[in-house]
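*Asks:* Mapping of the sequence shown onto full-length UniProt numbering: position 104 corresponds to residue 104, and the numbering continues sequentially without gaps. Quick one: the structure is below, questions incoming.
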Amino acid sequence: MGKKEGKKEGKKESKKGKDDGRMGKGEYLEKLAPLQLELNRMARWVQHEGRRVLVLIEGRDTAGKGGAISAISDTLNPRQCHVVALGKPSERERSQWYFQRYVPHLPAAGEIVLMDRSWYNRAGVEPVMGFCTAEQTQAFLDQAPRFEQLLVDDGILLFKYWLCVDQAQQEQRFAERLADPMKRWKLSPIDLQSREKYADYTQARERMLKATHSTHAPWTLVDFNDQRRGRLRLIEHLLAQLPDTAVPDAAIEFPPLAQEPLKEQYRGKLRPI
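Dropping the structure here:
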């Protein structure tokens, strides 16, 4: 296939969608644009009202957590909207109260925090992969609702999303990561080991939902077999949970320059490339 033909195929897919029924890129971007406008209005409301928003994004490997977070945060002020993706705990952190290392990342007034995985590692990857004991998992399941009650009582707007993906789709995405040098960094030995533990993750998730789905901090499951549709559903749901967030735009004067626009001047040896 030549380059021109390949471009035509790409345009055709982006407008009409893929043969498997997944949403095409063109349709997705068209529907995403007004949602991102609403997200900016919501962010302005959060800042104006001094609210604190915390969104936990959980799910299986390849579910699409990073893409969902990017869809939310890409057009927001990075000084206001923070993405938190913690790595493995240090030796010191392992000796602390389990929730302790997450507390410094909670939002302050006017901030939005999106967590790419969260304290719920202890209910999912850690017990499934043998990184914690059964007693530690049970202690977490007992404490998590109480911890989250404290957050909500203190005024944090807490939202918890679990991204769902079937194993066939997960396998396809793993294969794509393996074949694509731009995505190879997403593969880790743990990811490959988890391929054989799909059912174990299901059991761990159901136990987690039973213990931590509450009226003050409910879970929302989102179908992410089609990641583009999943992102749109998630954003629509998030916006629907908040009140009317309309805040008038601040009046900003933008008078004309007092002189003709100036050009850059270079007095030394250095010149722009």
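Backbone N, C-alpha and C define an ideal beta-carbon position, used for all residues, glycine too.
#1: Just list the residues that DSSP pairs residue 54 with in beta bridges.
#2: Assuming residue 75 is part of the alpha helix (DSSP H), what are its boundary residues?
#3: In chain order, what residues of the same chain have a beta carbon less than 6 Å from the beta carbon of residue 16, not counting five sequence neighbours either side?
#4: Indicate the three-state DSSP secondary structure (helix, strand or coil) for residue 219 in the structure shown.
#5: Pull up the distance between the alpha-carbon of residue 139 and that of residue 96, whole angstroms please.
#6: Check the C-beta distance from residue 35 over to residue 273 and give it rounded, since I have them as a contact under 8 Å.
#7: Would you kindly work out how many angstroms separate the C-alpha atoms of residue 94 and residue 105, rounded to a whole number?
#8: Start and end of the alpha helix (DSSP H) containing residue 128?
#9: By how many angstroms is the C-alpha of residue 176 removed from the C-alpha of residue 85?
#10: For residue 109 and residue 249, what's the separation of their Cα atoms in angstroms?
#11: Which residues does DSSP list as the beta-bridge partners of residue 163?
#12: From which residue to which residue does the alpha helix (DSSP H) around residue 48 run?
#13: Tell me the rounded alpha-carbon separation between residue 227 and residue 63.
#14: Pairs of beta-carbons, one from the segment 213-225 and one from the segment 35-54, closer than 8 Å: are there three or more?
#15: Give every residue of the same chain whose Cβ lies closer than 6 Å to the Cβ of residue 167, excluding the five residues on either side of it in the sequence, and list them in chain order.
#16: Given residue 76, which residues of its chain have a CB within under 8 Å of its CB, disregarding the five upstream and five downstream residues?
#17: Secondary structure at residue 1, three-state DSSP: helix, strand or coil?
#18: In whole angstroms, give me the CA-to-CA distance for residue 265 and residue 271.
#19: Output yes or no for whether 8 Å exceeds the beta carbon distance between residue 190 and residue 115.
#20: Which partner residues of residue 247 appear in the DSSP bridge assignment?
#21: Using alpha carbons as the reference points, say which of 99, 260, 183 lies closest to residue 119.
#22: Can you give the Cα-Cα distance for residue 237 and residue 160, rounded to whole angstroms?
#23: Contact defined as beta carbons within less than 8 Å: I believe residue 212 pairs with residue 144. What is the distance between those atoms, to the nearest angstrom?
#24: Return yes when the Cβ of residue 27 is within less than 8 Å of the Cβ of residue 117, no when it is not.
#25: According to DSSP, residue 82 sits in a beta bridge with which residue or residues?
#26: So, residue 68 versus residue 163, is the Cβ gap smaller than 8 Å?
*Replies:* Well, looking at it:
#1: 113, 158
#2: Where residue 75 is concerned, there is no enclosing alpha helix (DSSP H), given that its DSSP letter is neither H nor E.
#3: Because the pLDDT of residue 16 is 47, which lies under 50, any placement of that residue in the model is unreliable, and the number read from its coordinates should be weighed accordingly. Within the same chain, residue 16 has close Cβ partners 24.
#4: strand
#5: 14 Å
#6: With a Cβ gap of about 38 Å, residue 35 and residue 273 do not count as contacting.
#7: 17 Å
#8: 125-128
#9: 23 Å
#10: 20 Å
#11: 59, 222
#12: 25-49
#13: 8 Å
#14: no
#15: 198
#16: 39, 40, 43, 112
#17: Per-residue confidence for residue 1 stands at a pLDDT of 45, beneath the threshold of 50, marking its modelled position as unreliable; the derived number appears in the next sentence. If DSSP states are grouped into helix, strand and coil, residue 1 belongs with coil.
#18: 9 Å
#19: no
#20: The partner list for residue 247 (beta bridge, DSSP) is empty, contrary to what the question assumes.
#21: 99
#22: 11 Å
#23: 5 Å
#24: no
#25: 113
#26: yes
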